[in-house]
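First comes the structure, then the notes that go with it.
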Amino acid sequence: MTVTEDETRDLEADFERTVAAEGRIEPRDWMPEGYRRTLIRQIAQHAHSEIIGMQPEGNWILRAPSLRRKAILLAKVQDEAGHGLYLYSATETLGVDRAELTEKLIDAKQKYSSIFNYPTLTFADIGVIGWLVDGAAICNQVPLCRSSYGPYARAMVRICKEESFHQRQGFELLRTLMAGTDAQRAMVQDAVDRWWWPSLMMFGPADGDSPNTQQSMAWRIKRHTNDELRQRYVDMTVPQAAALGVTLPDPELRWNEERQAHDFGAIDWDEFAQVVKGAGPCNAQRLANRRAAHEEGQWVRDAAAAYAAKQARRTEGAAA
Ligand SMILES: [Fe+2]
Ligand SMILES: [Fe+2]
Numbered sequence: 001m002t003v004t005e006d007e008t009r010d011l012e013a014d015f016e017r018t019v020a021a022e023g024r025i026e027p028r029d030w031m032p033e034g035y036r037r038t039l040i041r042q043i044a045q046h047a048h049s050e051i052i053g054m055q056p057e058g059n060w061i062l063r064a065p066s067l068r069r070k071a072i073l074l075a076k077v078q079d080e081a082g083h084g085l086y087l088y089s090a091t092e093t094l095g096v097d098r099a100e101l102t103e104k105l106i107d108a109k110q111k112y113s114s115i116f117n118y119p120t121l122t123f124a125d126i127g128v129i130g131w132l133v134d135g136a137a138i139c140n141q142v143p144l145c146r147s148s149y150g151p152y153a154r155a156m157v158r159i160c161k162e163e164s165f166h167q168r169q170g171f172e173l174l175r176t177l178m179a180g181t182d183a184q185r186a187m188v189q190d191a192v193d194r195w196w197w198p199s200l201m202m203f204g205p206a207d208g209d210s211p212n213t214q215q216s217m218a219w220r221i222k223r224h225t226n227d228e229l230r231q232r233y234v235d236m237t238v239p240q241a242a243a244l245g246v247t248l249p250d251p252e253l254r255w256n257e258e259r260q261a262h263d264f265g266a267i268d269w270d271e272f273a274q275v276v277k278g279a280g281p282c283n284a285q286r287l288a289n290r291r292a293a294h295e296e297g298q299w300v301r302d303a304a305a306a307y308a309a310k311q312a313r314r315t316e317g318a319a320a
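If you read the sequence shown in the working numbering, its first letter stands for residue 1, the second for the next number, and so on.
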């Protein structure tokens with residue numbers, strides 16, 4: 001069946017009306033090709049980030065200082081795997097295959113968040129990742145619970161609940177370290193010094209350099225610009241840093257009475273560009289690990305497919 005130009009116009013008008021009325025677009029609804037492509041790119045990038053993000057923290061599971069810390073960290077890393085799976089499932093509702101997206105990730109044809117290309121040098125990094133990285137993720141992701149695409153919005157509701165647990169466990173770990181020895185406090189400060197700026201980069205380029213933002217906002221995929229979210233994150237984090245007793249490494253960070261918001265220093269966009277391009281401290285290692293895990297998992301996928309085929313044959317046999 002071919003769709004006439006008139007019918008396409010009607011479908012497009014329906015789509016625009018639904019989005020404007022804060023309705024949800026569902027997998028079977030008509031959608032513009034650009035909307036579909038934007039969602040696939042954004043959700044896949046998000047899914048890849050959850051999966052690659054397991055590596056910097058996984059690095060410390062065997063070296064966690066107590067059984068309690070190990071159980072918490074294991075649960076958190078496992079949550080991230082679950083987030084990746086919800087999100088890959090959401091992309092599949094748009095007509096792409098998860099295997100295809102995984103290939104694109106390991107061939108470096110699709111991106112993941114630049115933050116996961118930094119190394120985790122001490123156990124304090126685990127606390128700082130929970131506090132700052134999951135904290136930034138929450139700022140980014142809470143508005144996505146109202147995204148116009150139904151499967152994405154629903155996945156985000158669940159993910160955000162777990163992210164807020166992640167943020168709190170990070171904060172609690174840091175509070176424990178800050179109540180410890182001078183060496184422990186110095187370890188926390190060192191981790192904050194290394195993660196603060198990369199966490200600000202998680203919101204993406206400044207609004208003037210983010211060409212897709214306006215269209216994404218018009219489609220109500222995104223609800224706020226990168227700079228708005230970054231500001232919200234800074235304003236949320238400054239009092240938390242004070243409560244912890246750590247210093248955020250930015251001499252220009254101060255409250256602006258007029259704006260009722262914090263001013264902060266310039267982000268090193270060259271560093272951001274380098275890390276996005278693949279030249280960050282850990283890019284090659286992250287991708288090599290992901291590729292190896294994918295190849296080593298081939299027998300599991302083969303076994304699952306063989307089992308599913310056997311079950312299907314049995315069901316068919318029983319029906320006959
Ligand atoms: Fe996550
Ligand atoms: Fe998380």
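Using N, Cα and C, we set each Cβ at its ideal position, and we do this for glycine too. Computed from a prediction, not measured in an experiment: that's the story for all the values here.
### Task
Please classify TRP60: does DSSP put it in a helix, a strand, or coil?
Within the sequence shown, numbered from 1, the residue matching residue 60 stands at position 60. Here TRP60 sits in coil by DSSP.
### Query
DSSP state of ALA262, grouped into three classes?
Taking the sequence shown and counting its residues from 1, the one referred to as residue 262 is at position 262. One detail in the question is off: residue 262 reads as His in this sequence, not Ala. Here HIS262 sits in strand by DSSP.
### Query
Do ALA191 and ASP125 have their CB atoms nearer than 8 Å?
Start at 1 with the first residue of the sequence shown, and residue 191 comes out as number 191. Start at 1 with the first residue of the sequence shown, and residue 125 comes out as number 125. Yes, the Cβ-Cβ distance between ALA191 and ASP125 is below 8 Å.
### Query
In chain order, what residues of the same chain lie with their CB nearer than 7 Å to the CB of PRO281, ignoring the 5 residues before and after it?
Position 281 of the sequence shown, counted from the first residue, corresponds to residue 281. Leaving aside the five residues that flank PRO281 on each side, the residues in its chain whose CB is nearer than 7 Å to its CB run, in chain order, ASN117, TYR118, PRO119.
### Outcome for ARG69 when other beta-carbon atoms lying within 10 angstroms are tallied against a minimum of 16
The sequence position of residue 69 within the sequence shown is 69, counting from 1. With 16 or more Cβ atoms within 10 Å of its Cβ, ARG69 is classed as buried.
### Message
Pull the bridge partners of ILE25 from the DSSP assignment, please.
### Response
The residue labelled residue 25 in the question sits at position 25 within the sequence shown. In DSSP, ILE25 forms a bridge with TYR149.
#### Entry: Sheet register partners of ASN256 (DSSP bridge)
To locate residue 256, count along the sequence shown from 1; it is residue 256. Answer is ALA261.
### Query
Since GLN184 and THR247 are thought to touch, with beta carbons under 8 Å apart, how far apart are those beta carbons, to the nearest angstrom?
In the sequence shown, counting from the first residue as 1, residue 184 sits at position 184. In the sequence shown, counting from the first residue as 1, residue 247 sits at position 247. The C-beta distance from GLN184 to THR247 rounds to 16 Å, too long to meet the 8 Å contact threshold.
### Task
Report yes if the C-beta distance between LEU151 and PRO32 is below 8 Å; otherwise report no.
Position 151 of the sequence shown, counting from 1, holds the residue named residue 151. Position 32 of the sequence shown, counting from 1, holds the residue named residue 32. The question names Leu, yet the displayed sequence has Pro at residue 151. Taking the C-beta atoms as reference points, PRO32 is found no nearer than 8 Å to PRO151.
### Task
Look at the Cβ atom of ILE221, then the Cβ atom of THR38, and state whether they are nearer than 8 Å.
In the sequence shown, residue 221 corresponds to position 221, counting from 1. In the sequence shown, residue 38 corresponds to position 38, counting from 1. Yes, they are a contact pair.
#### Entry: Any non-hydrogen atom of ligand 2 closer than 7 Å to GLU316 Cβ
Taking the first residue of the sequence shown as position 1, residue 316 is located at position 316. Because no heavy atom of ligand 2 lies under 7 Å away, the Cβ of GLU316 does not count as near it: no.
### Task
Return helix, strand or coil for TRP131, following the three-state DSSP convention.
As a working mapping, residue 131 is identified with position 131 in the sequence shown. Three-state result, TRP131: helix.
### Message
Within the continuous alpha helix (DSSP H) that includes VAL142, where are the two ends?
### Response
Stepping through the sequence shown from its first residue, residue 142 is reached at position 142. Taken as a continuous stretch (DSSP letters only), VAL142 belongs to no alpha helix (DSSP H), as it is neither H nor E.
### Message
So for HIS224, helix, strand or coil by DSSP?
### Response
The residue you call residue 224 lines up with position 224 of the sequence shown. It is coil, neither helix nor strand.
### Task
Return yes when the Cβ of PHE203 is within less than 8 Å of the Cβ of ALA136, no when it is not.
To locate residue 136, count along the sequence shown from 1; it is residue 136. To locate residue 203, count along the sequence shown from 1; it is residue 203. Cβ distance < 8 Å, so ALA136 and PHE203 count as in contact.
### Message
Just verifying my parser: in three-state terms, what is the DSSP assignment at ASN212?
### Response
Position 212 of the sequence shown, counted from the start, is the residue given in the question as residue 212. DSSP, read as helix, strand or coil, puts ASN212 in coil.
### From PRO205, ARG291, LEU74, GLY34, residue whose alpha carbon lies closest to that of LEU94
What you label residue 94 is simply residue 94 of the sequence shown in a count that begins at 1. With distances taken between Cα atoms, LEU94 lies closest to GLY34.
### Separation of TRP196 from ALA81, as counted between CA atoms
Looking up residue 81 in the sequence shown gives position 81. Looking up residue 196 in the sequence shown gives position 196. Within the model, the alpha-carbon separation for ALA81 versus TRP196 is close to 24 Å.
#### Entry: Extent of the continuous alpha helix (DSSP H) run through ASP107
Along the sequence shown, read from residue 1 onward, the residue named residue 107 stands at position 107. Unbroken run through ASP107: none, as it is neither H nor E.
### Task
Look up TYR88 in the DSSP assignment and say whether it is helix, strand or coil.
Looking up residue 88 in the sequence shown gives position 88. In the three-state scheme derived from DSSP, where H, G and I count as helix and E and B as strand, TYR88 is classed as helix.
### Task
Kindly examine ligand 1 and report whether one of its heavy atoms sits closer than 7 Å to the Cβ of ILE159.
Within the sequence shown, residue 159 is the residue found at index 159, counting from 1. Indeed, a heavy atom of ligand 1 lies less than 7 Å from the Cβ.
#### Entry: Option in TYR233, ARG290, ALA288, SER66 with minimal Cα separation from PHE264
For this step, residue 264 is matched to residue 264 along the sequence shown. For PHE264, the nearest C-alpha among the options comes from TYR233.
### Message
Given a cut-off of 8 Å on the beta-carbon distance, is the pair LEU105 and ALA155 in contact?
### Response
For the purposes of this step, residue 105 is taken as the residue at position 105 of the sequence shown. For the purposes of this step, residue 155 is taken as the residue at position 155 of the sequence shown. Here LEU105 is not near ALA155, since their CB atoms are 8 Å or more apart.
### Message
At a cut-off of 7 Å, would you count HIS224 as near ligand 1, judging by its Cβ distance to the nearest heavy atom?
### Response
If you number the sequence shown from 1, residue 224 lands on position 224. The closest heavy atom of ligand 1 lies 7 Å or more from the beta carbon of HIS224.
### Message
Looking at ligand 1, does it come within less than 7 Å of ALA108, judged from the CB to the closest heavy atom?
### Response
Stepping through the sequence shown from its first residue, residue 108 is reached at position 108. In this structure, the C-beta of ALA108 stays at least 7 Å away from each heavy atom of ligand 1.
### Message
If you measure between the beta carbons of SER216 and ILE25, is that distance less than 8 Å?
### Response
Walking along the sequence shown from the start, residue 216 turns up at place 216. Walking along the sequence shown from the start, residue 25 turns up at place 25. No.
### Message
With a threshold of 8 Å on Cβ separation, who are the neighbours of GLN231 within its own chain once the five nearest residues in sequence on each side are excluded?
### Response
Start at 1 with the first residue of the sequence shown, and residue 231 comes out as number 231. So the qualifying residues of the chain are ALA261, HIS262.
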